[in-house]
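Peer 1:
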Amino acid sequence: MNWFRGLESFVRENVPLAAHTNYRVGGPAEFFAEPPGEEALSMVLRRANDAALPVRMLGHGTNLLVGDAGVKGLVLRLPKKGFSELRCNGTDLSVGAGHSLPGLVKWASLSGCGGLECLAGVPGTVGAALRMNAGGKYGEIGARITRVQGVNLDGAPFSYSRDACGFVYRDSGLKGRIVTRCEMVIEESAPDASLTSLRSILAEKAATQPLAGRSAGCVFKNPRKFGTPPASKLIDELGLKGFASGGARVSHKHANFLVCDPGAKAADMASLIRHIRERVRSERGVALELEIEVWGLEAEALGAQVA
Ligand SMILES: Cc1cc2nc3c(=O)[nH]c(=O)nc-3n(C[C@H](O)[C@H](O)[C@H](O)COP(=O)(O)OP(=O)(O)OC[C@H]3O[C@@H](n4cnc5c(N)ncnc54)[C@H](O)[C@@H]3O)c2cc1C
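Numbering (the numbering used here), first residue to last: 26 to 332.
#1: In chain order, what residues of the same chain have a beta carbon less than 7 angstroms from the beta carbon of E314, not counting five sequence neighbours either side?
#2: Say the cut is 7 angstroms; is the CB of E212 nearer than that to a heavy atom of ligand 1?
#3: Hey, would you say the C-beta of L111 is under 7 angstroms away from at least one heavy atom of ligand 1?
#4: My assumption, with CB atoms under 8 angstroms, is that G139 sits in contact with I211. Please give the rounded CB distance.
#5: How is the alpha helix (DSSP H) around T171 delimited, first residue to last?
#6: In chain order, what residues of the same chain lie with their CB nearer than 7 angstroms to the CB of H279, ignoring the 5 residues before and after it?
#7: Could you pull out every unbroken alpha helix (DSSP H) segment of at least 4 residues lying fully inside the region 35–79, listed in chain order?
#8: If you reduce the DSSP assignment to three classes, tell me which class T233 lands in.
#9: Work out the CA separation of K106 and G62 for me, nearest whole Å.
#10: Is the distance from the Cβ of A273 to the Cβ of C285 below 8 angstroms?
#11: Would you call F251 buried or exposed, if buried means 16 or more other Cβ atoms sit within 10 Å of its Cβ?
#12: CA-CA distance, E38 and A58?
#13: Under 8 angstroms, do H45 and L83 count as touching if we go by C-beta distance?
#14: Considering only their Cβ atoms, is the gap separating V151 from L129 smaller than 8 angstroms?
#15: Nearest to L101 by CA position, among S67, L118, P248, S119, is which residue?
#16: Going by DSSP, which residues form a beta bridge with T221?
#17: Take R239 as the anchor and find which of F29, P287, A77 has the nearest alpha-carbon.
#18: When DSSP labels each residue in this structure, what does S214 get in the three-state scheme?
#19: Would the C-beta of H15 count as close to ligand 1, meaning under 7 angstroms from any of its heavy atoms?
#20: Taking DSSP's pairing of strands, which residues face A209 in a bridge?
#21: Do the region 199–211 and the region 116–134 make contact, defined as three or more Cβ pairs closer than 8 angstroms?
#22: For G128, which three-state DSSP category applies?
#23: R72 to F29, Cα distance in whole Å?
#24: Closest by CA to L75, which one among I203, A295, D179?
#25: Is T171 near ligand 1, with its Cβ less than 7 angstroms from a heavy atom?
#26: When you compare the CB positions of V36 and V80, do they come within less than 8 angstroms of one another, or not?
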């Protein structure tokens, strides 16, 4: 623990990551830090850089698969306290990256702030939602953003306008950066109308997605090539609903949701992902891209075609 001497109040060693992800599988982080504020964040980044340790950002782990052997280096998580302040001035909203996204969406609806209903049912933190450009068929978070602030992994601060964030379908140019805060523009709306829209999207998701299961939402991105069916349809058409590899299985409710049953290992999920990709590639000619983030597993183990 020499690298982080004096920072033991918020840096721990050998912390199991399974408890921090929705799949609840995966090994430990060599170092795990929850810096209580921006100064502590800079300090821990400086130490990690001095030690040449890899640094990874964790939110609520709802879009993440961690390998059974865990990861070397530092995993950082922004605690709610210190990184979730919410400020609202008319239609201008500023919120810390550690704020819960569902909490923000609910607060906005109840406060007569419209425009975030499209994010109903997306779990996780605001910071990760920006990194992933979270959203769905009703819209994406990137569309609302005016500015994103944070620090690069070397500790240098950044402040990007929306255009500089590179928001695209389930991705952004914020990979490898630490988002600490963002500003967005919302719309005035009647709480009743906003809540009705929120409830209707939530009901739609509850009817079509296995929300109670240990999942990471959609595992594969929908292919962008015009005319190619969405990933869930490709998987469903191959008869893979219910197909299992060890403790990991394709949901019966939604074929792009892969769920972990009790006793599952990350290796089971990797093998299921690999099987699906190989079948879709050989029988439908489509190379499925991952929407989830994966730590500590090789691309080959996940069935990616490696040149
Ligand atoms: C039941 C269910 C339904 C879902 N539905 C949707 C949906 O409709 N639409 C959708 O888009 N997603 C959906 N997801 C996926 C997931 O909720 C989103 O991707 C979410 O934004 C991830 O948030 P998180 O805090 O859990 O991030 P994590 O899983 O912890 O991390 C995801 C990525 O964000 C990075 N990250 C985390 N915090 C920061 C930060 N502060 N700065 C920079 N990078 C950071 C991580 O390094 C990682 O690369 C769903 C997941 C589940 C389990």
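Beta carbons are placed, not taken as given, at the ideal position from N, Cα and C, and that holds for glycine.
Peer 2: Concretely, from the data shown:
#1: F245, K246
#2: no
#3: no
#4: 6 angstroms
#5: That residue, T171, is in no alpha helix (DSSP H); its beta strand (DSSP E) goes 170–177.
#6: T233, Q234, P235, S257
#7: 63–75
#8: helix
#9: 8 angstroms
#10: yes
#11: exposed
#12: 9 angstroms
#13: yes
#14: yes
#15: S67
#16: DSSP, once it has assigned bridges, lists no residue as partnering T221.
#17: P287
#18: coil
#19: Any answer about residue 15 is impossible in this case: the structure gives the chain only from 26 up to 332.
#20: As written in the sequence, residue 209 is Met, which differs from the Ala given in the question. BP columns for M209 point to L118, I170.
#21: yes
#22: helix
#23: 7 angstroms
#24: Per the sequence shown, the amino acid found at residue 75 is Asp instead of Leu. It is D179 whose Cα lies nearest to the Cα of D75.
#25: no
#26: no
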